[in-house]
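A.B. asks: Take the sequence shown: its position 104, counted from the start at 1, is 815 in the numbering used here, and no numbers get skipped.
In this text, a Cβ means the ideal position worked out from N, Cα and C, and glycines have one as well.
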Amino acid sequence: MTGAPEQQTLVLIKPDGLKKSLTGNILTRLSETKLIIIGAKIAKPSRELAMQHYYEMKDKPFFEELVRYLMGEFHTPRVMALVYQGEEAIQKVRAVCGATNPEEADPVSIRGAYGRITTRGIYENVIHASTNEEEAEREIKLWFDPDELVCEPYPVKEESVSNGRRKAWA
Ligand code: CDP
Ligand code: MG
712 MTGAPEQQTL VLIKPDGLKK SLTGNILTRL SETKLIIIGA KIAKPSRELA
762 MQHYYEMKDK PFFEELVRYL MGEFHTPRVM ALVYQGEEAI QKVRAVCGAT
812 NPEEADPVSI RGAYGRITTR GIYENVIHAS TNEEEAEREI KLWFDPDELV
862 CEPYPVKEES VSNGRRKAWA
């Protein structure tokens with residue numbers, strides 16, 4: 712025990728990772744962190760979800776291309792979304808991922824090993840990982856409902872729905 716804070720972090724295996732059959736390799740690399748997975752699914756990102764995910768990049772010249780990349784328009788319209796939990800989860804996952812630019816990333820890192828820069832200048836870097844706790848919370852709530860995680864890292868509220876009750880992020 713190091714006493715470091717327990718964190719959650721959102722990981723997306725991006726559409727290029729799925730298209731290139733890298734899912735198993737990437738999960739194996741992530742298991743080096745010894746973190747636990749508290750949620751996992753395959754999702755088909757809508758344009759709205761992709762835009763919300765990359766909201767902070769909205770003023771970048773490559774934003775539209777980035778949204779189309781995450782939606783899978785260049786590969787396959789799927790991502791694998793995962794929530795990892797444990798001490799210093801955010802930094803541990805980012806370390807295994809490597810730098811954003813796959814050419815600058817450590818060749819042994821996931822992005823260094825599998826990423827590429829397209830001729831249009833987009834970094835197809837096969838994986839997303841949250842950068843800080845605030846971003847992780849926003850992203851986890853964006854991609855997962857409370858019922859899809861095996862624990863509740865954030866407060867929840869009960870909501871009435873037509874066919875009973877469901878949980879939503881409070
Ligand atoms: O993903 P990460 O947090 O490392 O980087 P970011 O600065 O939040 O950028 C989000 C994503 O935009 C990257 O993962 C790349 O796929 C893409 N990007 C790009 O294509 N070209 C850049 N110059 C910067 C980011
Ligand atoms: Mg980022």
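1. Could you please give the first and the last residue of the uninterrupted beta strand (DSSP E) stretch that includes Arg884?
2. Taking DSSP as the reference, what is the three-state secondary structure of Ala816?
3. If you measure from each residue's Cβ to the nearest non-hydrogen atom of the ligand CDP, which ones come out under 6 Å, in chain order?
4. In this structure, what does DSSP give as the bridge partners for Glu867?
5. For Arg827, does the three-state DSSP call read helix, strand or coil?
6. Of the residues Asn836, Gly750 and Val867, which one's Cα is nearest the Cα of Lys731?
7. In or out: Cys808 buried (at least 16 other Cβ within 10 Å) or exposed?
8. Quick one: Cα of Val778 to Cα of Ala761, how far?
9. By alpha-carbon positions, which one of Ser820, Asp770, Leu793 and Asp727 ends up nearest to Leu746?
10. Looking at Ala847 and Gln763, is the spacing between their C-beta atoms short of 7 Å?
11. For Trp854 and Leu721, which I take to be in contact (beta-carbon distance under 8 Å), what is that distance rounded to the nearest angstrom?
C.D. replies: The answer reads as follows:
1. Residue 884 falls outside the range modelled here, since the chain spans only 712 to 881, and no answer is possible.
2. Residue 816 sits at position 105 when you count from the first residue of the sequence shown. Coil at Ala816, not helix or strand.
3. One residue list follows from the rule of a beta carbon closer than 6 Å to any heavy atom of the ligand CDP, given in chain order as Met768, Phe773, Leu777, Thr811, Ile833, Tyr834, Asn836, His839 and Thr842.
4. The sequence position of residue 867 within the sequence shown is 156, counting from 1. Just to set this straight, residue 867 is Val in the shown sequence, not Glu. Its beta-bridge partners are Trp880.
5. As a working note, residue 827 is residue 116 in the sequence shown. Correct three-state label for Arg827: strand.
6. On the sequence shown, residue 731 is found 20 positions in, with the first residue counted as 1. When each option's Cα is compared against that of Lys731, the closest is Asn836.
7. Translated into positions along the sequence shown, residue 808 becomes position 97. The residue is buried, with at least 16 neighbouring Cβ atoms inside 10 Å.
8. Within the sequence shown, residue 778 is the residue found at index 67, counting from 1. Within the sequence shown, residue 761 is the residue found at index 50, counting from 1. Between Val778 and Ala761, the alpha-carbon positions lie close to 5 Å from each other.
9. As a working note, residue 746 is residue 35 in the sequence shown. The residue with the shortest Cα to Cα distance from Leu746 is Leu793.
10. Indexing the sequence shown from 1 puts residue 763 at position 52. Indexing the sequence shown from 1 puts residue 847 at position 136. No, the Cβ-Cβ distance between Gln763 and Ala847 is not below 7 Å.
11. Here residue 854 refers to the residue found at position 143 of the sequence shown. Here residue 721 refers to the residue found at position 10 of the sequence shown. Contact between Trp854 and Leu721 holds: CB atoms are separated by about 6 Å, below the 8 Å threshold.
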